[in-house]
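Chains as they are written, first to last, in our numbering: chain A, 77 to 422; chain B, 17 to 359; chain C, 25 to 304.
C-beta atoms are modelled at their ideal positions from N, C-alpha and C, and glycine is treated no differently.
Worksheet: the structure to be examined is printed underneath.
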Amino acid sequence: MSAVPTLRYLLGRAFGALVTLVLASALSFAILRVVPGDPARLIAGPLATPEALAALRDELGLNDGIAAQYVSYIGGFLSGDWGYSFASGADVSSVLAQRLPATLELALVAFVIAVVGAVVCALLATYRRGWFGTASKSLSLLGLGFPPFWLGLVLLLVFSSWLGVSPGPSGRLSSYLTAPPQITGFYTVDSLLAGDVVAFSDAVAHLALPALALAMLPWAFLTRLLTANLAETATSPYVVVVRSKGVGRWSTHVRHVLHNAALPTITSSGLVFATLITGSVLIEQVFDWPGVGEVLVGGIQRQDFAIVQAFVLLSAVVFIGINFVVDIVNGFVDPRLRVVGARSQP
Amino acid sequence: MTGTTPERVFAVDGLRVSYGDTEILRGVDLMLAPGEKVGVVGESGSGKSTLALAVLGLLGAGGRITSGRVSVLGRDVTGLSDRELDRVRGRDLSLVFQDPLTSLDPVKTIGSQIGEALRRHNRGMSKRDVAKRSVELLSSVGVSAPERRLAQYPHEFSGGMRQRVLIAIAIANDPAVLIADEPTTALDVTTQAQVMEVLEDLVASRGISVVLITHDLGVVAEFCDRVCVMYAGRIVESAGAAELFDRPAHPYSRALLASLALPGRSRSEPLEWIPGAPPAMTSLPPGCAFAPRCAMAEPRCAEAIPEPEAVFAAGGSPRWAECLRAGEVYDTHNGRVGADHGA
Amino acid sequence: MAIASTTSARRRRRSRDWQLVTSAAVIAGFVVLAVGGLFLQETANRVDVSSTLLAPGPEHWFGTDNQGRDVFARVAVGAGISMISASTAVGIGAAVGLLIALACGLGPRWLDALLMRLCDGVLAFPQLLLALAVSMALGASLVSATIGIVITVIPIFARTLRAEALRSRSEPFIEAARTIGLTTPHIAVRHVVPYVSTTLTIQVAANFGSAVLTLAALSFIGVGAQPPTAEWGAMITDGLQNALTGQWWIGVMPGAALLALVAALNVLADSLSQRTTGKR
């Protein structure tokens, strides 16, 4: 494979991502700036004085044309000026920065549970017919119907209230412990780095239930997707050819079938990670988890538009960015995609 | 191969295979002497491909061998576990599969797919040796610039080139027996000829026995020493290639040959066709499966599957056909078909 | 090989029939519940200070909440709210999506490119988040939440149906219709719409479940139905406070109903799509 088509592949993908980004930002601008009417009132909050409102309108450039407003909106976003959150009494950027590690830690752990669980279940379910495959298929079909916030509640009831094996909805750490010195912002990692085993096990215990509740939907979705793709790939003629070389069934299944079936799952995993970050909005309230979701819900209830706006646009940026990375990864997994204009075989 | 070459490198005895409740192979016998090339011909649905998969132990979900045995180099492989069979497949017995376009893993390099066959049966073979051997294999099947092409992916190869790669993979460990299941059907005619030539040279120089499964009688005529005609899951006639084309002894073989535009046949002769359709394997008659379509059928044909009747060509090799009237078919043949194929 | 798969295929088909019947029965059960809910409107919102936080029993099947309201009546009313809102959202989304798909599949190329880019823009947002933003912008209410869901559902329908519409163009009967000079709108209505209807049905079933779920999630966060309304998501929010002090039924019951309905819809969509892929 020569380098030129690879570079063209990259550039093509980057251009596509950029176009989507511009459209998405215009959309978020339209929804949260234009539709609600007077953004100054919404941003300043219900308690602002008329003078303050007038000053804010001027500052926001609301007297300019729509296009000019959009440009300054994007400019502000790019320079990290995401506005002031009156509900939290701080800059949106600092609120988000402070809250993000908790949400990311939760989302990452849920992501790992969902992906590893999906790969293991799908591989075993397609390797041998039997009760496991049936169970995995039924559970993943039902799993798509679980409201995560309700699942969190049920898990809390069962494991905390009734069995007493898990801490209640008390955030990331029991109140009698102090947070480990911040290095990564992830309590599980930081406590290990600080050598604090007590804090580590407490952090893991606090993380377990919300991560499970959050992982259910993406696990079910990925398991179904990967199982279907594995089952389809397993009937390909090249699988027979690989077996005819004397390669064992399991290693054929993992090295050839999984590799070929993985592409749609990798694509979806990227999207799944992005939805996990938004999904945590639904979970954090249940577990009193001090993440972005909690301030977001608080912001919604108090009509604090600045924080919602920043979060929505930021999510779109992350979403598009992840899609771009996934495209690149796919290019490595499937050599056929690297050729410009080539389409994967039907 | 082992020190003493057995008389038969490969033997199938009374092999029966069922998928669910349906019997697809109904007692197949097949024998190969060292270096022999046997063609198995028949219409699609006659069980040819099932035979290929069954002898390799790769029938897949739902299919199973109900009775009979397959032996490779004198060793019964039907009773072996899947893991034990893994040591036989690709080493003693290997496969060239139907469609070259879908028979290679699209996301692995050609080099890794050839190397996989080598490493599987030669534990501890060094990386350099694998690469060296792969280059030799590729050039032996006529792929030019083999060093460069090892790093390429299947989609960068043409159909004919992919089939050559598949042949290279199949002969990587110098197997005793090669099963070639419709190796050229997906290729265009010129490429077909080239690929068959490569295959012919290789098996001749390495003494590999070949089972060539095909519906293409032209390929069989050129390549095979012996032909087995398959119909509805049984081999109904077995004969030397030249003898069969010259004088078939089973009505089905005769009809098959008559329906074929072989070279040397005059254009004015009309092509014949076989009335009716191949029978559904779920509802076979108790007797000869061909009887309902056979012009020579008698009431007794429907009673039981006929015993193979030995027919002897004058001074030729022993041959047989599974027909009550085989001798008659043989004697009355007007010899017009395939007259040029004796030599 | 074709014969090989018939017996296992038959077995699979039988289990699909079973799936179809069960899920349809559960959904029918919810329809009955929702109709019953029409007569329970008054009960559902009757505050009774003397009987707050009662456990499930013969008097109150699902117990009562912290204001003494009957949880079963509220779940029944919520069934109607969920199904009506979700079917409105999916119905409008499907109709608009179909129009876009027809315009893309049969119209000029530039229109196709433009509309698909717009869909990409909408799809760039996680579904829940976009619905949340729209609903908040319009002022939190059940109607706003429904509109928010409509906007996220349109591009899903547009994309899948466009692919089908494009495929239909190469079908012989459509080419024939073009050749004999039928107009594009005529072809669209008489030939392309029936062609895509199978995919449309499956998509409706699949999106119905996720619409019910999204609606509950929006109400749970506070941008959907507002508190006194007996919406399932809002009821779960309500139940959170009491759940860990022992009154689990207030939050668990509406969630169990939500799970049962969404799971039944997903199973239905799954067996419908299995059925048609078998035929194709």
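Exercise. At what residues does the alpha helix (DSSP H) containing Ile108(C) begin and finish?
Worked result: Position 84 of the third sequence, counted from the first residue, corresponds to residue 108(C). Per DSSP, Ile108(C) belongs to the alpha helix (DSSP H) from 95-130.
For this session: Would you mind working out which of Phe244(C), Ile51(C), Trp272(C) sits nearest Thr261(C), comparing C-alpha positions?
Result: The residue labelled residue 261(C) in the question sits at position 237 within the third sequence. Ranking Phe244(C), Ile51(C), Trp272(C) by CA distance to the CA of Thr261(C) puts Phe244(C) first.
For this session: Over the uninterrupted alpha helix (DSSP H) stretch that includes Ser243(C), give me the two end residues.
Result: As a working note, residue 243(C) is residue 219 in the third sequence. Ser243(C): member of the alpha helix (DSSP H) spanning 217-245, first to last residue.
Problem set entry | Span separating the alpha-carbon of Met25(C) from that of Asp29(B) | Counting from 1 along the third sequence, the entry for residue 25(C) is found at position 1. Counting from 1 along the second sequence, the entry for residue 29(B) is found at position 13. Residue placement at Met25(C) cannot be trusted, given a pLDDT of 37 that sits under 50; what the coordinates show is reported in the next sentence. Rounded to the nearest angstrom, the two C-alpha atoms are 22 Å apart.
For this session: Using only alpha-carbon positions, find the residue among Arg105(B), Gly127(B), Ala186(B), Val227(B) that is nearest to Ala49(B).
Result: Residue numbering aside, residue 49(B) sits at position 33 when the second sequence is read from its first letter. For the options Arg105(B), Gly127(B), Ala186(B), Val227(B), the alpha carbon positioned closest to that of Ala49(B) is the one of Val227(B).
Exercise. When you compare only the Cα positions, how much space is there between Met160(C) and Asp157(A)?
Worked result: Locating residue 160(C) in the third sequence gives position 136, where the first residue counts as 1. Locating residue 157(A) in the first sequence gives position 81, where the first residue counts as 1. Cα-Cα distance, rounded: 22 Å.
Exercise. Would you call Val416(A) buried or exposed, if buried means 16 or more other Cβ atoms sit within 10 Å of its Cβ?
Worked result: Locating residue 416(A) in the first sequence gives position 340, counting from the first residue. Note that Val416(A) scores a pLDDT of 44, beneath 50, so its modelled location is shaky; the value from the coordinates is reported in the next line. With fewer than 16 other beta carbons inside 10 angstroms of its own, Val416(A) counts as exposed.
For this session: Using the DSSP secondary-structure output, state which residues sit across from Arg242(B) in a beta bridge.
Result: The count along the second sequence starts at 1 and reaches residue 242(B) at position 226. Answer is Val54(B), Gly256(B), bridged to Arg242(B).
For this session: Kindly list the residues whose CB is nearer than 6 Å to the CB of Pro295(B), restricted to its own chain and excluding five residues on each side of it in sequence; keep chain order.
Result: Locating residue 295(B) in the second sequence gives position 279, counting from the first residue. Only Ala248, Ala305 meet the Cβ criterion.
Exercise. What three-state label does DSSP hand Gly223(B) in the structure shown?
Worked result: Here the question's residue 223(B) lines up with position 207 in the second sequence. Gly223(B) sits in coil when the DSSP states are folded into three classes, being neither helix nor strand.
Exercise. So which residues of chain B does Gly322(A) contact, with C-beta pairs closer than 7 Å?
Worked result: Taking the first sequence and counting its residues from 1, the one referred to as residue 322(A) is at position 246. The contacting residues are Asp102, Arg103, Arg105, Gly106, Arg107, Arg136, His137.
Exercise. Mapping DSSP to helix, strand and coil, what is Thr230(B)?
Worked result: If you number the second sequence from 1, residue 230(B) lands on position 214. Residue state, collapsed to three classes: strand.
Exercise. Which residues in the same chain as Trp289(B) place their Cβ atom closer than 6 Å to its Cβ, once the five residues preceding and following it in sequence are excluded?
Worked result: In the second sequence, the residue the question calls residue 289(B) occupies position 273. Contacts found: Ser275.
For this session: Would you grab the beta carbon distance between Leu283(A) and Val185(A) for me? Rounded to a whole angstrom, and I think it's under 8 Å.
Result: The count along the first sequence starts at 1 and reaches residue 283(A) at position 207. The count along the first sequence starts at 1 and reaches residue 185(A) at position 109. At roughly 6 Å, the Cβ-Cβ gap stays under 8 Å, so Leu283(A) and Val185(A) are in contact.
Exercise. Hey, does Val195(A) have any beta-carbon neighbour from chain B nearer than 8 Å?
Worked result: Numbered from 1 along the first sequence, position 119 holds the residue referred to as residue 195(A). By this cut-off, Val195(A) is not an interface position.
Exercise. If you draw a straight line from the alpha carbon of Tyr314(A) to that of Val191(A), how long is it in whole angstroms?
Worked result: As a position in the first sequence, residue 314(A) is number 238, starting the count at 1. As a position in the first sequence, residue 191(A) is number 115, starting the count at 1. The straight-line gap separating the alpha-carbon atoms of Tyr314(A) and Val191(A) is approximately 26 Å.
For this session: Check whether the Cβ atoms of Ala304(A) and Gly159(A) lie closer than 8 Å to each other.
Result: Within the first sequence, numbered from 1, the residue matching residue 304(A) stands at position 228. Within the first sequence, numbered from 1, the residue matching residue 159(A) stands at position 83. No, these two residues do not count as a Cβ contact at 8 Å.
For this session: Taking Arg175(A) and Val371(A) to be in contact with their CB atoms under 8 Å, please state how far apart those CB atoms are, rounded to whole angstroms.
Result: For the purposes of this step, residue 175(A) is taken as residue 99 along the first sequence, with counting starting at 1. For the purposes of this step, residue 371(A) is taken as residue 295 along the first sequence, with counting starting at 1. Contact check for Arg175(A) and Val371(A): beta-carbon distance about 6 Å, within the 8 Å limit, so the pair qualifies.
Exercise. With 16 as the cutoff for other CB atoms within 10 Å, does Leu390(A) come out buried or exposed?
Worked result: On the first sequence, residue 390(A) is found 314 positions in, with the first residue counted as 1. Leu390(A) should be labelled buried.
Exercise. Helix, strand or coil: how does DSSP classify Gln298(C) here?
Worked result: Numbered from its first residue, the third sequence carries residue 298(C) at position 274. Assignment of Gln298(C) by DSSP, reduced to helix, strand and coil, places it in the helix class.
Problem set entry | Endpoints, the alpha helix (DSSP H) within which Arg191(C) is located | Residue mapping note: residue 191(C) aligns to position 167 of the third sequence, counting from 1. Element bounds for Arg191(C): 166-193.
For this session: Taking only beta-carbon positions, decide if Pro122(B) is within less than 8 Å of chain A.
Result: Locating residue 122(B) in the second sequence gives position 106, counting from the first residue. By this cut-off, Pro122(B) is an interface position.
Problem set entry | Selection of the segment 326-340 of chain A by Cβ proximity to chain B, strictly under 7 Å | So the close ones are His332, His335, Asn336.
For this session: Have a look at the DSSP bridge pairing and note the partners of Met212(B).
Result: Your numbering for residue 212(B) matches position 196 in the second sequence. Residue pairing by DSSP leaves Met212(B) without any beta bridge partner.
For this session: Measure from the alpha carbon of Leu416(B) to the alpha carbon of each residue in Cys244(B), Leu260(B), Glu253(B), Arg180(B), then state which is nearest.
Result: A question about residue 416(B) goes unanswered here, because the residues of chain B that appear run from 17 up to 359.
For this session: Please list, in chain order, all residues of the same chain as Gln265(C) whose beta carbon is under 8 Å from its beta carbon, the five residues on each side excluded.
Result: For the purposes of this step, residue 265(C) is taken as the residue at position 241 of the third sequence. Setting aside the 5 residues that flank it on each side, Gln265(C) is surrounded in the same chain by Asn90, each with a C-beta closer than 8 Å to its C-beta; the list follows chain order.
For this session: Starting from the C-beta of Thr179(A), find all residues in its chain whose C-beta is less than 6 Å away, skip the five residues before and the five after it, and write them out in chain order.
Result: By 1-based counting over the first sequence, the position of residue 179(A) is 103. Around Thr179(A): Ser356, Gly367, Val368.
For this session: Can you have a look at Lys321(A) and say buried or exposed, based on whether 16 or more other CB atoms are within 10 angstroms of its CB?
Result: Here the question's residue 321(A) lines up with position 245 in the first sequence. Buried: at least 16 other Cβ atoms inside 10 Å.
Problem set entry | Whether Trp365(A) touches Pro286(A) by CB criterion (8 Å) | In the first sequence, residue 365(A) corresponds to position 289, counting from 1. In the first sequence, residue 286(A) corresponds to position 210, counting from 1. In this structure, Pro286(A) lies closer than 8 Å to Trp365(A) by Cβ.
Exercise. Taking just the CA atoms, how far does Gly175(B) sit from Thr118(B)?
Worked result: For the purposes of this step, residue 118(B) is identified with residue 102 of the second sequence, where counting begins at 1. For the purposes of this step, residue 175(B) is identified with residue 159 of the second sequence, where counting begins at 1. Computed Cα separation, rounded: 10 Å.
For this session: Over the uninterrupted beta strand (DSSP E) stretch that includes Asp278(A), give me the two end residues.
Result: Stepping through the first sequence from its first residue, residue 278(A) is reached at position 202. From DSSP, Asp278(A) is part of no beta strand (DSSP E) but of the alpha helix (DSSP H) over 273-309.
For this session: Mind checking the segment 239-250 of chain A against chain C and listing, in chain order, the residues whose C-beta falls within less than 9 Å of any C-beta there?
Result: Listed in sequence order: Gly244, Pro245.
For this session: Find the nearest neighbour of Val216(C) within the set Asn231(C), Ala110(C), Gly117(C), Arg193(C), judged by alpha-carbon distance.
Result: Here residue 216(C) refers to the residue found at position 192 when the third sequence is read from its first residue. It is Arg193(C).
For this session: Would you mind sorting Lys213(A) into buried or exposed? The rule is 16 or more other CB atoms within 10 Å of its CB.
Result: Stepping through the first sequence from its first residue, residue 213(A) is reached at position 137. Classification for Lys213(A): buried.
Problem set entry | Length of the line joining the Cα atoms of Ala284(C) and Asn138(B) | Here residue 284(C) refers to the residue found at position 260 of the third sequence. Here residue 138(B) refers to the residue found at position 122 of the second sequence. Rounded to whole angstroms, Ala284(C) to Asn138(B) spans 56 Å at the Cα level.
Exercise. Got a sec: is the Cβ-Cβ distance from Val26(A) to anything in chain C below 8 Å?
Worked result: What is shown of chain A runs 77 to 422, which leaves residue 26(A) out entirely.
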